[in-house]
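Trainee:
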Amino acid sequence: MDNLAIARILGEIADLLEIKNDNPFKIRAYRNGADIVANDPHDMASLDLKGLQEIPGIGKDLAARIREIADTGDAAFHQELLAEFPPSILDLLGLQGVGPKTVARLYRELGVKTLEELEEAAKEGRVRSMKGMGPKKETLILKAIDERRLHGGRHLLPDTHDAAVAYVAYLKAHAPDAQIEAVGSLRRGQESCGDIDILASGADAALMDRFIEYKLVERVLGQGDTKSSVRIWGGFQVDLRIVSPESRGAAMQYFTGSKAHNIVLRDRAIGLGLKLNEYGLFRVDDESRVGGASEQEIYEALGLAWVPPELREDRGEMNAAERRTLPTLIEHRDLRGDLHMHTTESDGRHSIAEMAQAAHAAGLEYIAITDHSRNLAMANGLDEARALAHAARVRAEDGRHGVRMLAGIECDILADGSMDLADDCLAQLDIVVASVHSAFNQDRQQMTERILRAIENPNVDVLGHPTGRLILKRAPYALDIEAIIEAAARHHVAIEINSQVDRLDLNDVQARLARDRGVRLVISSDAHSQAALAVTRWGVMQARRAWLTAGDVINTRPFDDFRALLRRNLR
DNA sequence: GCCGTTTTCGGCCCGACTGTTTTCAGTCG
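Here it is, written out as structure tokens:
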């Protein structure tokens, strides 16, 4: 059982307890436990009861449940709950406007167990027969079911960003004096976002009318003086909150989240005799205002350094903010090189010279050309002869376009862990990025040993997109990432944060673990065209979420320094 | 269910909006 499988069961227990109307704090404990397990880079199944209980948020009972799930594949408690409710009703929970209370009543009073049965009941007007339900609620449920089928919910960070930027620009045009910006998970740089949160201060209520008139609005979900929600084309839900300027910082803090970060922050406020909400920070005794116009004001009043949004996940940032030891996070302009890109020689759209020119225009000092190797036939991968000839052409272009160039390859790690190209070929190149592009379905042990073998090959300098996940599309392959990270550290293999918008691989938690274990990281575009070089901004965002400084990422170094740090050049 | 030099018991974050209601429960973020 891997962490995600364990987390899924804990999360289902939380959902089922919620439908059962159980103790809300018990529900929170399970939900919190699921989050912890899902995000912890360590393999939970390998920890004993004592080790599990050392994790904050995991107590005696949750530790026992986790062990039970790891040992037997499930928890008896989970099975007991499932005996009370059919598992299919969990699908209903995700519907807009349908919560646990409604799900429980739909099941008890109407016998509704599935989306299809709910749709039928709503169409036949049976839902309105329930107390507190009416025709409007039925219509809303039917729309929610349609939208679920259409959109599925979440979006990639860059797509969310683009939609938000356009919406904010539209609002600013109608309220030029107001402060308007996107907050929420987008501001934290989370890899996928469920919705867009926009905050406006210094705007009058008329902005709400402009908000719902936006050309892409498909449906108004709710409208009030200070808060409105719409669904726009593309399946995004967008919320606008309007606050007064004196509350701007408090609202930014509040709506940027994360929820976990905010709970800890509020708890801290309570401990100081203060109350924090989206309007400001107040004394509990006389309700006087302590602050709220800026985020800095709030964090300082709570004895904390201002926390960059990317770190607000309750992963140790409070402690570091209190001790004033928050890292100076890497910024996009810190990148001097890009070490993973393709040309027309394999599946790229532009030539060596064109990629070099675009890199120079983007302000880079050096790049590596890393086309695919033979095994990736559909990408016209290179065999040894073509790889060496290609390398000669790269070296001939070196320095002619304003950037230094390394002749490299993205070499497939074959199913048995051997490299796709012969060692004497790889040894003649300047840099080798090793990646898995095939046999994704190997079991955990096979896949781990396969990648470990690649790391042990002295010609491998960088491990490319290490987990193979595609965000919102494909789960990472089964893999002991901790073992991979430790081996990479031991063998001085750098690990990539691949900036492709649907990869961002390593993810934030894994990249942080890698840094902690002494691995050198690189941030690369994996660009297949000139324009795609720009995606490194998302890789940098992920690196910031991993607490990385410029010093942790070796392609921030000047060319000669960087080159000396490549494994093949280490003495 | 978790947590704790104020506590091993009694806490646990907070407010807006909707639909169906005459004061509120449910949902959401």
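Using this note's numbering, read the first sequence as starting at -10 and increasing by one per residue.
Note that beta-carbon positions come from the ideal geometry of N, C-alpha and C, so glycine has one too.
Note that this is a predicted model, so its numbers are computed, not measured.
#1: Quick check on DSSP: helix, strand or coil for Gln346?
#2: For Ser218, write down the residues that DSSP places opposite it in a beta bridge.
#3: Since Thr545 and Ile319 are thought to touch, with beta carbons under 8 Å apart, how far apart are those beta carbons, to the nearest angstrom?
#4: Please report the distance separating the alpha-carbon of Arg54 from that of Ala411.
#5: Would you kindly report the start and end of the unbroken beta strand (DSSP E) that includes Gln431?
#6: Hey, Ala345 and Asp327: beta-carbon distance below 8 Å or not?
#7: Just to confirm the assignment, what range does the alpha helix (DSSP H) spanning Ala249 have?
#8: Asn369 to His150, Cα distance in whole Å?
#9: Unbroken alpha helix (DSSP H) runs of length 4 or more, entirely within the region 70 to 117: which are they?
#10: Could you tell me whether the region 449 to 458 touches the region 484 to 503, where touching means 3 or more Cβ pairs closer than 8 Å?
#11: Under three-state DSSP, which class holds Tyr268?
#12: Just verifying my parser: in three-state terms, what is the DSSP assignment at His361?
#13: Indicate the three-state DSSP secondary structure (helix, strand or coil) for Gln417 in the structure shown.
#14: Report buried or exposed for Gln68, applying the criterion of at least 16 other Cβ atoms within 10 angstroms of its Cβ.
#15: By the three-class DSSP mapping on this structure, what secondary structure does Val279 have?
#16: Helix, strand or coil: which one does DSSP assign to Met408?
#17: Quick check: the Cα distance between Ala428 and Ala404, rounded to an integer number of angstroms?
#18: Which stretch, first to last residue, makes up the alpha helix (DSSP H) that contains Ile47?
#19: For Gly260, count the other beta carbons within 10 Å of its own beta carbon; 16 or more makes it buried, fewer makes it exposed. Which is it?
#20: Compare the beta carbon distance of Leu175 and Leu461 with 8 Å and say whether it is the shorter of the two.
#21: Span of the beta strand (DSSP E) holding Arg463?
#22: Tell me the rounded alpha-carbon separation between Val101 and Gly88.
#23: Are the region 230 to 244 and the region 127 to 143 touching by the rule of at least three beta carbon pairs closer than 8 Å?
#24: Suppose you measure from the CA of Arg389 to the CA of Ile221; what does that come to, to the nearest Å?
#25: Contact check, Leu6 vs Ile16 under 8 Å by CB: the rounded distance?
#26: Would you kindly report the start and end of the unbroken alpha helix (DSSP H) that includes Ala18?
#27: Using CA atoms only, rank isn't needed, just tell me which of Val206, Glu207, Lys204 and Ser217 is closest to Met197.
#28: Counting only the same chain and skipping the five closest in sequence on each side, list residues whose C-beta sits under 6 Å from that of His163.
#29: DSSP three-state call for Glu570: helix, strand or coil?
#30: Evaluate Thr359 with the Cβ neighbour count: other Cβ atoms within 10 Å of its Cβ, from every protein chain shown; 16 or more gives buried, anything less gives exposed.
#31: Is Ser340 helix, strand or coil by DSSP?
#32: Entirely within the region 143 to 205 and at least 4 residues each: give me those alpha helix (DSSP H) ranges in chain order.
#33: Where does the unbroken beta strand (DSSP E) through Gly238 begin, and where does it stop?
#34: From His480, Cys400 and Phe551, pick the residue whose C-alpha is nearest to that of Ile512; which is it?
#35: How would you label Met367, buried or exposed, when you count the other beta carbons within 10 angstroms and need 16 or more for buried?
#36: With DSSP run on the structure shown, which of helix, strand or coil describes Asn(-8)?
Mentor: This is what the structure gives:
#1: In the first sequence, residue 346 corresponds to position 357, counting from 1. Looking at Gln346 - three-state DSSP - the assignment turns out to be helix.
#2: The residue given as residue 218 occupies position 229 in the first sequence. According to DSSP, Ser218 bridges with Gly211 and Asp228.
#3: Residue 545 sits at position 556 when you count from the first residue of the first sequence. Residue 319 sits at position 330 when you count from the first residue of the first sequence. Confirmed, about 7 Å.
#4: Taking the first sequence and counting its residues from 1, one reaches residue 54 at position 65. Taking the first sequence and counting its residues from 1, one reaches residue 411 at position 422. Answer to the nearest angstrom: the Cα atoms are 48 Å apart.
#5: Within the first sequence, residue 431 is the residue found at index 442, counting from 1. From DSSP, Gln431 is part of no beta strand (DSSP E); its letter is neither H nor E.
#6: Within the first sequence, residue 345 is the residue found at index 356, counting from 1. Within the first sequence, residue 327 is the residue found at index 338, counting from 1. No; because the gap between Cβ atoms is not below 8 Å, this pair is not in contact.
#7: Here residue 249 corresponds to residue number 260 of the first sequence, with the count starting at 1. Lys248 to Gly260 is the span of the alpha helix (DSSP H), which, as asked, contains Ala249.
#8: Reading the first sequence from its first residue, position 380 is the one you call residue 369. Reading the first sequence from its first residue, position 161 is the one you call residue 150. Asn369 and His150: Cα-Cα distance of roughly 33 Å.
#9: 79 to 82, 89 to 99 and 104 to 112
#10: yes
#11: Along the first sequence, read from residue 1 onward, the residue named residue 268 stands at position 279. DSSP places Tyr268 in coil when its eight states are reduced to three.
#12: Taking the first residue of the first sequence as 1, we reach residue 361 at position 372. Residue state, collapsed to three classes: strand.
#13: Within the first sequence, numbered from 1, the residue matching residue 417 stands at position 428. Here Gln417 sits in coil by DSSP.
#14: Translated into the one-based positions of the first sequence, residue 68 becomes position 79. Exposed, because fewer than 16 other Cβ atoms sit within 10 Å of the Cβ of Gln68.
#15: Along the first sequence, one-based indexing puts residue 279 at 290. In the structure shown, Val279 sits in a strand (DSSP, three-state: E or B).
#16: By one-based count along the first sequence, residue 408 stands at place 419. Three-state DSSP puts Met408 in a strand.
#17: Within the first sequence, numbered from 1, the residue matching residue 428 stands at position 439. Within the first sequence, numbered from 1, the residue matching residue 404 stands at position 415. Approximately 6 Å, taken between the alpha carbons.
#18: Along the first sequence, read from residue 1 onward, the residue named residue 47 stands at position 58. No alpha helix (DSSP H) contains Ile47, which DSSP labels as neither H nor E.
#19: Here residue 260 refers to the residue found at position 271 when the first sequence is read from its first residue. With fewer than 16 Cβ atoms within 10 Å of its Cβ, Gly260 is classed as exposed.
#20: Here residue 175 is taken as the residue at index 186 of the first sequence, counted from 1. Here residue 461 is taken as the residue at index 472 of the first sequence, counted from 1. Not closer than 8 Å, so no.
#21: Translated into the one-based positions of the first sequence, residue 463 becomes position 474. Neither: Arg463 is in no beta strand (DSSP E) and is coded neither H nor E.
#22: Along the first sequence, one-based indexing puts residue 101 at 112. Along the first sequence, one-based indexing puts residue 88 at 99. Roughly 14 Å between the two C-alpha positions.
#23: no
#24: The residue labelled residue 389 in the question sits at position 400 within the first sequence. The residue labelled residue 221 in the question sits at position 232 within the first sequence. When rounded, the distance between both Cα atoms is 47 Å.
#25: Here residue 6 refers to the residue found at position 17 when the first sequence is read from its first residue. Here residue 16 refers to the residue found at position 27 when the first sequence is read from its first residue. So it is a contact: roughly 5 Å between Cβ atoms.
#26: Here residue 18 corresponds to residue number 29 of the first sequence, with the count starting at 1. Unbroken alpha helix (DSSP H) run through Ala18: Pro13 to Asn28.
#27: By one-based count along the first sequence, residue 197 stands at place 208. Comparing Cα positions, the closest option is Ser217.
#28: Walking along the first sequence from the start, residue 163 turns up at place 174. Around His163: Arg199.
#29: Lying before the first or after the last residue shown, residue 570 is absent from the chain, which here runs from -10 to 560.
#30: Your numbering for residue 359 matches position 370 in the first sequence. Thr359 should be labelled buried.
#31: Taking the first sequence and counting its residues from 1, the one referred to as residue 340 is at position 351. Three-state result, Ser340: coil.
#32: 146 to 163, 173 to 176 and 195 to 202
#33: For the purposes of this step, residue 238 is identified with residue 249 of the first sequence, where counting begins at 1. No beta strand (DSSP E) contains Gly238, which is instead part of the alpha helix (DSSP H) from Arg237 to Thr245.
#34: Start at 1 with the first residue of the first sequence, and residue 512 comes out as number 523. The shortest C-alpha separation from Ile512 is found at Phe551.
#35: Your numbering for residue 367 matches position 378 in the first sequence. Its Cβ having fewer than 16 others within 10 Å, Met367 is exposed.
#36: Here residue -8 corresponds to residue number 3 of the first sequence, with the count starting at 1. The answer is helix: DSSP assigns Asn(-8) an H, G or I state.
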